[in-house]
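Participant: In our numbering, the protein residues as written are 12 to 88. The beta carbon of each residue, even a glycine, is placed where N, CA and C say it ideally should be.
As structure tokens, this is what we get:
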């Protein structure tokens, strides 16, 4: 979201304020995004390494990536 807003010319301060507000109102959650992203990509037959890299590229922290990739990694097959 930060990348998209920045590309549209919004200031870093405005972006930060908006993101904080969304997190406070529980409208934006990196964990929820990561969980749904892992499920979606797994259904598309992507492996755990590829999914981890894609989440990292999107700015998701290593802790969150590990949590959701390892959780579904048990069921890969």
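#1: Hey, could you find the ends of the alpha helix (DSSP H) residue 62 is sitting in?
#2: Applying the 10 Å Cβ sphere with the 16-neighbour rule, what's the burial state of residue 80?
#3: In three-state terms, what does DSSP make of residue 83?
#4: Could you give the distance in angstroms between the alpha-carbon of residue 73 and the alpha-carbon of residue 67?
#5: What does a CB cutoff of less than 7 Å around residue 89 pick up in its chain, not counting 5 residues either side in sequence?
Facilitator: The answer reads as follows:
#1: 59-68
#2: buried
#3: helix
#4: 7 Å
#5: Because the chain here runs from 12 to 88, residue 89 falls outside it and cannot be looked at.
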